[in-house]
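Participant:
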Amino acid sequence: MSGVVPAGPRLILLCGLPGAGKTTLARRLAQELPAVRLCPDEWMVDLGFDRFDGRARDRVEQRLWLLAQELMSQGAVVILENGFWDRAERDEKRRLARSLGAAVELRYLAVSSKELHERVGRRNQEPGAAVITPELLRECEASLDVPTDEELELFDDPLG
Ligand SMILES: Nc1ncnc2c1ncn2[C@@H]1O[C@H](COP(=O)(O)OP(=O)(O)OP(=O)(O)O)[C@@H](O)[C@H]1O
Ligand SMILES: [Mg+2]
1 MSGVVPAGPR
11 LILLCGLPGA
21 GKTTLARRLA
31 QELPAVRLCP
41 DEWMVDLGFD
51 RFDGRARDRV
61 EQRLWLLAQE
71 LMSQGAVVIL
81 ENGFWDRAER
91 DEKRRLARSL
101 GAAVELRYLA
111 VSSKELHERV
121 GRRNQEPGAA
131 VITPELLREC
141 EASLDVPTDE
151 ELELFDDPLG
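Counted the way full-length UniProt numbering counts, the sequence shown spans residues 1 to 160.
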């Protein structure tokens, strides 16, 4: 649906593990919809924080959420690339965005464990990559609340 102007504010939550393809999808959607893409990882790096500094990440994510709300209140479509592994966090974002009158999408990027490990292994070889070890990736996999069909039904249909 390239070129179609979306009607009103919208929040798009990208849920998925490291290497699932959140940034790749967000870049495409940002062009096509159009939408504003907010990627905590990029802000962490650009602000000089270590990507694994959890306290800084919490603060960056909180600040980006304020920006997301401002953008939605002006009618924008906002993509958040946070990963959203926790169901409770997804519920909270859906509720708050709806209270601003925004539609809310949840897009879950389902990728097999084998494929994820291969992708992350390849990315670890790239210069300057934030290395995610196989052990850390397995911990991430164990931490993800995979969205159920029942949960996905609570969100709006995806644009584009
Ligand atoms: N649909 C796809 N099919 C095959 N490879 C893909 C796909 N989407 C992304 N990739 C590749 O997988 C790797 C990870 O993609 P991307 O950076 O978009 O993931 P991410 O979810 O943003 O990861 P992170 O959470 O670590 O930021 C990249 O090398 C990308 O080119
Ligand atoms: Mg990314």
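Positions of the beta carbon are idealized from the N, C-alpha and C atoms, including for glycine.
1) Answer yes or no: the CB of K114 versus the heavy atoms of ligand 2, is any distance below 7 Å?
2) Is T24 near ligand 1, in the sense that its beta carbon is under 7 Å from a heavy atom of that ligand?
3) In the DSSP output, which residue or residues are listed as bridge partners for E75?
4) Is there at least one non-hydrogen atom of ligand 1 closer than 7 Å to the beta-carbon of R90?
5) Which ranges does the beta strand (DSSP E) cover as unbroken runs of at least 3 residues, wholly within the UniProt domain "AAA+ ATPase" (8–106), from first to last along the chain?
6) What number of angstroms, rounded off, separates the C-alpha of W43 from the C-alpha of E153?
7) Below 8 Å on the Cβ atoms is my guess for L100 versus Q125; work out the distance and round it to an integer in Å.
8) Taking I79 as the reference, give the member of R90, L11 and L144 with the closest Cα.
9) Report yes or no: do three or more beta-carbon pairs, one from the region 91–106 and one from the region 45–52, lie closer than 8 Å?
10) By the DSSP assignment, the alpha helix (DSSP H) with A142 in it spans what residues?
11) Taking the alpha helix (DSSP H) that E151 falls in, what are its first and last residues?
12) Using 7 Å as the cut-off, classify the Cβ of D41 as near or not near the heavy atoms of ligand 1, replying yes or no.
13) Based on Cα-Cα distance, which residue from V36, L67, G8 and L17 lies nearest to D86?
14) Considering only their Cβ atoms, is the gap separating P40 from E81 smaller than 8 Å?
15) Sort L33, L137, A76 and T133 by Cα distance to S112 and report the nearest one.
Facilitator: Considering the structure as presented:
1) no
2) For ligand 1, at least one heavy atom lies less than 7 Å from the Cβ of T24.
3) For the record, residue 75 in the displayed sequence is Gly; it is not Glu. The bridge partners DSSP lists for G75 come to none.
4) no
5) Runs found: 10–15, 36–38 and 77–83.
6) 31 Å
7) Incorrect: roughly 42 Å between the Cβ atoms, too far for contact.
8) L11
9) Short answer: they don't touch.
10) It spans P134 to S143 - the alpha helix (DSSP H) in which A142 sits, taken as one unbroken run.
11) D149 to L152
12) yes
13) L17
14) yes
15) L137
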